[in-house]
Structure formats: C-alpha cells, structure tokens
Amino acid sequence: MASILRRIEKKIALENYSNEANEDLLPSPPEARTWTWWNYSSVWAGQSLDATWWSVGSSFISVGLTVKQTIAPVLIGCAILGVAAVLNATFGAHYHVGFPAMIRPTFGVTGSKWFVGLRGLIGIVWYAIQVFYAAQLMNIMWICVFGHIYKDWNPPVPSSAGTDAKTIMNYFLAWGISLPLSLLHPSKLRAVFSTRAMFGFIAFFTMFVWCTVLGQKDPAGFKGFSILQENPISGAAVGWATMSSINSILATTAPMITNQSDVSRYAKTPEQAGWPQGMTIFVTKTVIAFFSIISAASLQSRYGGIAKWNIWDQLDLLLNENWSAATRCGCFIIALGVFYSVLVTNAYCNTVPFGADIAAIFPRYFNMIRGQILVTLVSMPVVPWQILTNAQAFLTFLGSYTFLMGALLGCQWGDFVLRRGNYHVPSMFDYSKDSIYMYSPRGYNWRGFAAWLIAFCVIFPGLVAAYIPEKLSIAAQRIYSMGWLLGVPLAGFSYLAFNILFPVPVLPAKHSEDPVAKKWLGMSELHGIFPGDTINGGDSASTDGSSIAGDEKEKSSVTVLAVMA
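Below is the structure:
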C-alpha cells in the first residue's frame with residue numbers, strides 16, 4: 000500500500016518543485032513579463048464595468064445620502080483606490096513575485112501562510128457567488144431568447160434546494176462556461192482582460208443611455224436624478240454617512256488591491272504597472288458609479304417603486320414593462336456583455352489569487368493552473384443562493400474580510416517604508432535559520448502579527464456591531480463604518496513602531512553594509528538578487544529574477560549568474 004501511495008505521489012508531483020517553491024511561486028521569467036500599461040488599465044477598466052460595482056450606489060443611498068451627496072464619497076474613495084492600487088503594484092512590478100511570496104518579509108516565511116490560506120478560503124466562497132451572479136444574467140438571456148416558453152417554465156424541485164430549477168440549471172451552466180478561464184495561466188490573460196473592458200463598456204453605457212432616455216420620457220415629468228428617500232438624513236449624520244460610503248467603496252475593491260502583485264509581477268517594466276492604471280481606476284470607477292446611480296434614479300422615476308440596483312433586476316424590470324422584440328434584443332446584448340465581464344472578474348479576483356495561494360501552501364503538488372482548476376471544483380458545493388438568501392451574518396463576515404486584509408496592507412506598506420522598498424528575493428524562499436525572513440519563533444514575524452492584531456482589536460467592536468447593532472453603541476457602529484480607513488494606517492504605524500523598537504535586518508549579513516539598502520528601491524535594480532546568491536526551491540535563476548528548469552528537483556540550489564541590465 001505504501002509503495003502504491005508513493006507511486007501516486009510521484010505521479011502527481013510537479014516536475015520542477017521543492018518543498019519551498021515551484022516555478023509559479025518563484026520570480027516570473029523575462030519571457031512572461033509582457034504586460035504593458037494598456038493591459039493593466041484594461042484590467043481595472045473591466046473591473047469597474049462589473050455587476051458588483053454597478054450596484055455600489057445602493058450602499059450610498061441605503062445610508063440616507065442623496066444623489067448629489069454621493070459625489071464627494073465617490074471622488075474621494077476612487078482617488079484613494081487609485082493610489083492604493085499603484086502602491087501595491089510596486090512589489091510585484093519590481094521583484095516579479097506574487098502576493099504569497101511578497102508578504103513573507105512582513106509576516107515571516109511560515110507566518111505568511113495563515114494569511115495566504117485565509118485569502119484562499121474566502122476566494123472559494125466569492126468564486127461561487129460570482130458564478131451565481133453570472134447565472135442571474137444567463138436567466139435574463141434565456142428569457143430574451145425563448146420568451147414566455149422559458150419564463151413560465153418552472154419544474155418542481157425539493158424545497159430543501161432553497162431555489163428554483165432555473166437558478167440551479169443556470170448556475171451549473173455558468174460554472175461550466177467559466178471553466179476554460181481556469182485553464183489559462185495568468186500571464187496569458189491579457190487579451191481576455193482587454194476584451195472584457197470593451198464589451199463591459201458597451202453593455203453598461205448602453206444601459207445608462209437607455210435608462211436615462213426612459214427617465215426623460217416620464218409622463219409626469221422627469222424629477223431629476225434623485226432617489227426617493229424613505230429616511231432622509233441631515234446634519235452630522237450626513238458626515239458619517241459620507242464616511243461610511245467612502246469605506247464601502249474601499250471595502251468593495253480592497254481584495255483586488257491585495258491581489259495586485261499577482262498580476263503586476265508580469266509587467267514588462269515597473270513603470271507599466273504605475274500611474275496609468277491608477278488614473279484608470281479613478282476615472283472608470285467614478286464614471287460607472289454615477290452611471291449606475293443615474294440609471295437607478297431614471298428607472299424609478301419612470302416606473303416608480305423601490306429603486307433597483309442589481310443589473311439583472313433592472314433588465315427584468317425593463318422586460319416586464321415593455322415586452323417587445325426590441326426590448327428583448329437590447330436586454331440580451333446588455334446581459335451578454337455583463338455576463339462576460341462577471342466571468343473575467345471572477346478569474347482576476349478569485350481564480351488567479353487562489354491559484355497563487357495554493358501553490359504557495361502546497362508547492363510540491365500545485366502550480367497556478369492546478370490551483371485555478373481546484374477552486375472551480377471545490378466551489379461547486381458552496382450553494383451561493385443559500386448564502387445570499389439565508390445567511391446575512393455570513394455575508395457580513397465576508398465584508399469584514401476586506402477590513403482584515405486592509406490591516407494586512409497596512410503592515411505590508413509599513414514594511415515597505417521601513418526597508419525603503421528593498422527586498423532580498425532568495426530569502427523569501429529560504430527556510431533555513433540563517434534566512435532574514437525566517438524570524439524567531441519558527442518563521443513567524445511577531446511584529447507583523449502584533450501590528451495586525453492591534454488594528455483588528457480596534458475594528459473588532461465595529462464588526463460585532465455589524466452583527467448585533469442593537470446591543471452596541473453608535474460609536475461601535477461608526478468604527479465599522481471606518482473599518483478600512485482606520486485599519487490600514489493603524490496597522491502600518493504599529494508595524495513601524497515595533498520594528499523601530501525591535502529592528503530586523505534589511506539584507507543578509509554579508510550584504511548588510513551594501514549601499515544599495517540605503518536607496519529607495521535600490522534592490523529592485525538587481526531584481527532583488529545579488530550576484531552569487533542562490534534561490535532554494537528553483538531549478539535555475541538569474542538576477543533578472545527568472546527561474547529556469549534543470550535536472551534536480553527537491554534539492555536544487557541554484558546559483559545566480561548575472562545581473563540583468
């Protein structure tokens with residue numbers, strides 16, 4: 000039996016691996032660094048043209064703001080997002096490694112795996128939820144194509160299913176259609192992201208124009224771009240609602256900010272992952288947020304009732320109010336464009352990060368593509384319609400995850416300032432006691448965990464208030480409203496304080512006096528690798544950060560050859 004298991008293990012083990020890394024965890028080779036500013040801008044433009052961001056206005060209106068009052072939080076929140084995305088892309092663009100490796104200097108080569116695992120587990124749930132969103136859009140497309148034949152079709156299913164047969168069917172169809180994206184390596188997704196931005200823009204701009212025209216044709220006279228407020232607010236409440244809305248914008252996109260290194264590692268040059276994508280984030284997210292708010296206001300002005308925010312609910316409203324061939328054709332085109340956008344967003348936000356995470360935790364058996372396939376498989380039993388319908392507390396937890404990741408970003412940025420952006424890439428894959436990132440005890444950097452815990456403890460009353468608001472004070476609820484804005488700087492400054500009091504080496508002992516450590520991003524000129532260094536876990540490497548296959552596997556220790564200009 001043992002021999003059979005050994006043969007199976009040998010069969011499924013990767014060709015180029017060690018117990019510390021495989022080729023997807025190691026620095027991206029030069030031939031994989033092909034992404035330009037246009038590709039990164041397309042990624043973020045497409046992410047803005049997404050069903051989740053389209054409904055972001057609901058969070059503003061639900062706290063009592065008017066449409067005009069949303070201008071400030073949208074502009075401020077999107078500006079912060081643009082800056083944060085550029086800052087976090089710096090790590091991968093200069094050192095060519097993804098999130099799992101890049102947080103090792105902050106939390107230790109062993110300690111970092113806790114955060115990698117957390118990101119992976121949440122990614123499974125969000126993958127299933129995004130597929131469910133795609134299924135809702137597929138339902139609209141079937142209605143447009145088959146009309147009442149499909150709309151009136153309602154085969155019985157057990158009540159324990161928690162939904163109807165059409166939802167289940169569309170969920171598995173959407174899951175199957177999304178599967179091919181998991182077979183593509185992230186470095187090959189450039190064209191997919193670019194086309195997503197194009198199709199998404201056509202779909203959402205068409206929806207915006209359509210809704211606005213309908214609003215102007217309101218027989219009672221268009222009331223302007225305003226949502227009917229059941230509980231309007233004034234005074235200090237407006238300020239807190241504005242703060243909550245800014246935090247909502249940041250929380251909605253925080254996971255993508257965390258994922259930046261997973262794609263910025265493929266930048267042709269560091270500048271390609273710089274400010275152009277930051278400007279794209281600010282412009283596209285601002286424009287689409289206002290498009291969504293104006294569209295919802297226009298539909299409510301025309302048809303009355305409660306404002307609808309989800310794109311599929313809006314399309315369903317249009318079909319119900321005007322059942323014509325033209326309406327069905329228009330709704331089909333919009334639903335198809337948004338459907339494609341949702342699938343690609345799922346790849347960027349969940350499939351790629353999970354692939355990187357599982358490759359970091361089990362490098363012997365999983366590379367990026369195997370990990371991407373795994374998340375599609377394990378997401379099937381999640382049953383997202385049950386989560387979205389019956390588990391509001393769990394959804395609150397998923398939202399709080401963004402604040403926990405915000406505290407992680409604060410620690411990471413604090414580490415970047417502390418080291419002046421200088422990192423030693425071979426040490427990220429070195430589990431020996433001499434590694435500068437193999438902190439005591441057992442590869443855990445207690446400074447990072449302590450800083451993260453401080454931020455978490457401050458935010459914790461706000462998290463509790465989100466579950467049981469009637470039991471806690473208004474102050475605790477306001478802490479939750481500032482979760483990301485509070486957690487990031489608090490974790491960052493705490494991390495700096497701990498490291499000033501208990502300093503750690505920036506570079507290995509033999510290079511500790513090298514003047515490169517005194518320059519901002521000085522090590523990036525060497526791609527994080529000194530001549531003569533070795534990277535444990537790769538099969539070969541050079542100071543351009545690449546790793547190339549060789550003959551030895553588990554015990555490979557590769558000498559760095561030359562500095563790339």
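In this text, residue positions in the sequence shown follow numbering that gives the first Met the number 0: the first is 0, and each later residue adds one. Think of the CB as a built atom: it goes at the ideal place given N, C-alpha and C, for glycine as much as any other residue. Since this is a predicted model, take the numbers as computed values, not measurements.
| request: Grab me the residues of Thr-162's own chain with a C-beta within less than 6 Å of its C-beta, minus the 5 sequence neighbours each way, in chain order. | output: Trp-384
| request: Could you check which residue in Ser-27, Gly-527 and Trp-43 has the C-alpha nearest to that of Arg-273? | output: The sequence as given places Gly at residue 273; Arg does not occur at that position. It is Trp-43.
| said: Suppose the cutoff is 7 Å on Cβ atoms and the five residues either side in sequence are ignored; what does the same chain contact list for Gly-119 look like? | reply: Setting aside the 5 residues that flank it on each side, Gly-119 is surrounded in the same chain by Phe-353, Asp-356 and Ile-357, each with a C-beta closer than 7 Å to its C-beta; the list follows chain order.
| query | Going along the chain, which residues of its own chain have a beta-carbon closer than 8 Å to the beta-carbon of Val-55, five neighbours each way excluded? | reply | Ser-247, Ile-248, Thr-251, Ala-288 and Ser-291
| request: Alpha carbon to alpha carbon, how far is Leu-25 from Asp-633? Give it in angstroms, no decimals. | output: Outside the displayed span of the chain (0 to 564) sits residue 633, for which this structure offers no information.
| message | Between Tyr-339, Ser-300, Thr-257 and Thr-326, which has its C-alpha nearest Trp-174's C-alpha? | response | Tyr-339
| request: Using alpha carbons as the reference points, say which of Ala-346, Ala-359, Tyr-494 and Leu-403 lies closest to Val-416. | output: Tyr-494
| Excluding the five sequence neighbours on either side, which residues of its own chain have a C-beta within less than 6 Å of the C-beta of Trp-311, listed in chain order? | Gln-135, Leu-136 and Ile-139
| Arg-6 to Arg-369 span [Cα, whole Å] | 19 Å
| Does DSSP put Ala-306 in a helix, in a strand, or in coil? | coil
| query | With DSSP run on the structure shown, which of helix, strand or coil describes Ser-539? | reply | With a pLDDT of only 44 at Ser-539, under 50, the local geometry of the prediction cannot be trusted, and no value is derived from it.
| request: Report, in whole angstroms, the separation of the C-beta atoms of Leu-387 and Phe-131, which I expect to be a contact under 8 Å. | output: 7 Å
| task | Give the straight-line distance between the Cα atoms of Val-424 and Glu-270, rounded to the nearest whole angstrom. | result | 20 Å
| task | Would you decide whether Gly-196 is buried or exposed? Buried here means 16 or more other CB atoms lie within 10 Å of its CB. | result | Here residue 196 turns out to be Ala, not Gly, going by the sequence shown. Buried is the call here.
| query | If you draw a straight line from the C-alpha of Asn-444 to the C-alpha of Phe-497, how long is it? | reply | 11 Å
| Counted within 10 angstroms of its Cβ, other Cβ atoms place Ala-306 as buried (16 or more) or exposed | buried
| What is the DSSP secondary structure of Thr-268, counted as helix, strand or coil? | coil
| Contact check, Ser-27 vs Tyr-265 under 8 Å by CB: the rounded distance? | 6 Å
| message | Using the Cβ count rule (16 or more neighbours within 10 Å means buried), how would you classify Val-82? | response | Exposed, by the Cβ-count rule.
| field | Limits of the alpha helix (DSSP H) - the one that Ile-435 falls within | value | Ile-435 -> no alpha helix (DSSP H), and no H or E assigned at all.
| said: Per DSSP, what are the beta-bridge partners of Trp-52 in this structure? | reply: None; Trp-52 has no bridge partner.
| request: Just tell me which of Ser-111, Phe-203 and Arg-363 has its CA closest to the CA of Trp-52. | output: Phe-203
| query | For the candidate residues Ala-240, Thr-211 and Gly-420, whose alpha-carbon lies nearest to that of Ser-300? | reply | Thr-211
| For His-510, which of Ala-450, Tyr-422 and Leu-500 has the nearest alpha-carbon? | Tyr-422
| Is the beta carbon of Ala-296 less than 8 Å from the beta carbon of Gly-214? | yes
| query | Between Asp-513, Ile-360 and Lys-517, which lies nearest to Phe-114 when the distance is taken from Cα to Cα? | reply | Checked all of Asp-513, Ile-360 and Lys-517; the closest Cα to Phe-114 is Ile-360.
| Is Ile-453 buried or exposed, if buried means 16 or more other CB atoms sit within 10 Å of its CB? | By the neighbour-count definition (other C-beta atoms within 10 Å, threshold 16), Ile-453 is a buried residue.
| Nonlocal neighbours in the same chain, by C-beta distance under 6 Å from Thr-105, ignoring five residues either side | Cys-410, Gln-411, Asp-414 and Gly-447
| task | My understanding is that Met-255 touches Gln-476, with C-beta atoms under 8 Å, so please give their C-beta distance in whole angstroms. | result | With 8 Å as the limit, Met-255 and Gln-476 do not qualify as a contact, their Cβ atoms being about 26 Å apart.
| Rounded C-alpha distance that separates Ile-245 from Gly-76 | 5 Å
| said: Using CA atoms only, rank isn't needed, just tell me which of Ile-3, Ser-2 and Asn-21 is closest to Asn-366. | reply: Asn-21
| message | By the three-class DSSP mapping on this structure, what secondary structure does Trp-384 have? | response | helix
| In the structure shown, what three-state DSSP assignment does Trp-274 receive? | helix
| task | Mind checking which residues open and close the alpha helix (DSSP H) that includes Arg-419? | result | Looking at the DSSP string, Arg-419 is not in any alpha helix (DSSP H), and its letter there is neither H nor E.
| With a Cβ-Cβ cutoff of 8 Å, do Pro-185 and Ser-40 count as a contact? | no
| query | Quick one: what's got a C-beta closer than 7 Å to Trp-570's C-beta in the same chain, skipping five residues either side? | reply | Outside the modelled stretch of the chain, which goes from 0 to 564, sits residue 570, for which no answer is possible.
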